[in-house]
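Numbering-wise, the UniProt record's numbering puts 279 at position 279 of the sequence shown, and it's gapless, one number per residue.
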Amino acid sequence: MEKIKAAIIGSGNIGTDLMYKLERSDVIELTAVIGIEPESDGLKRAKERGYQAFSTGIQAIIDHPELADIVFDATSAKAHIHHAEVLKKLGKLAIDLTPAAIGPFFSPAVSSDEKSRELDNVNMITCGGQATIPIVHAINKVADVTYGEIVATISSLSAGPGTRANIDEFTITTRRGIEEVGGADQGKALIILNPADPPILMRDTIYCEVKNMDEKAIQESIENMVETVKEYVPGYRLKQAPLFEGNVVTVFVEVEGAGDYFPEYAGNLDIMTAAATRVAEDFARSMLEKKSLI
């Protein structure tokens, strides 16, 4: 079966885990992993697995545009601002795993508008966003969410330098995602780094104030959404049944990683790479359909 070529910029933890997930794709062919540190573990693993490995950053795509039609950016928000300009000029689809938020926010469980397939840059929001925004969206569909607040709790061991340097961007970007993708009239996001040893799994609490409280309809919508997310994140689950009190719905979810490169407790990182893979596959299928019509 024909596949769409893709490359990863960023040979750190996110980029390396993404490499393993893309290996299983039936519509994406990973060709290269690109970093800036020649001796990075990610580039070493890429070479071992037969991929082209570059330590020249975005220049690798400039020099070898034939490498990919889809480029995943797993670097930083600051770096992506420059990368986005370059990739747009080269006609590449950028899947942005940083909080740069240049392109529209995407969650594969929610974002399915066919018109979006014409985009050249999409943003994967944040780990907390990928875990919680589908639940806000599910509640909003049946109950009209006026206020949505999420608290993402992750192991401090799963929060690397990139996560720690972008905490402000995390709260701002996730809040916007709660409103723009989740559908809440107003949103708020918080993140907690838990130093517990042994490390905890990613846990998220979602509070929603609603206009139309229908417990049965809300619970059914939430459960359906959980099953949708589990299709690409098997370790995603409700921690307990939703709580209903007055006009407030409280939902507790837990995310266990697949253990491809990250430890299983790092569900916050795993859900980002799993969601990015699913979004890219949706775009790749659209690209293949267009090719078949030519």
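Yeah, the Cβ is synthetic: ideal placement off N, Cα and C, and Gly gets one too.
Item                                                                                                            : Value
Span separating the alpha-carbon of Y20 from that of M213                                                       : 42 Å
Those runs of the alpha helix (DSSP H) which lie wholly inside the segment 166-209 and span at least 4 residues : 167-180
Proximal residues to L288 (C-beta, below 7 Å), its chain only, five neighbours per side dropped                 : E2, I4, V27
Those runs of the beta strand (DSSP E) which lie wholly inside the segment 218-266 and span at least 3 residues : 236-238, 243-245, 248-255
Inter-stretch contact at 8 Å, needing at least 3 Cβ pairs: the segment 248-262 / the segment 6-26               : yes
Cβ contact (3+ pairs, closer than 8 Å) linking the segment 133-146 and the segment 155-166                      : no
Option in R278, E256, E209, Y265 with minimal Cα separation from E231                                           : R278
Exposure of G50, with buried meaning 16 or more beta-carbon neighbours within 10 Å                              : exposed
DSSP three-state assignment for Y51, whether helix, strand or coil                                              : coil
With 16 other Cβ atoms within 10 Å as the buried cut-off, status of R24                                         : exposed
Buried or exposed (CB count within 10 angstroms, at least 16 for buried), A241                                  : exposed
Alpha carbon of L43 to alpha carbon of R285, nearest angstrom                                                   : 28 Å
According to DSSP, residues forming a beta bridge with N121                                                     : A94
Assigned secondary structure, Y129 (DSSP; H/G/I helix, E/B strand, else coil)                                   : Contrary to the premise, residue 129 reads as Gly rather than Tyr in this sequence. Three-state result, G129: helix.
Where H83 falls, given that 16 or more other Cβ within 10 Å makes a residue buried                              : buried
beta-carbon R175 near the ligand MN non-hydrogen atom, thresh 8 Å                                               : Inclusion of the ligand MN in the displayed structure is not the case, the ligand content being empty and no account of it being possible.
Between the CA atoms of G183 and T146 - distance to the nearest angstrom                                        : 9 Å
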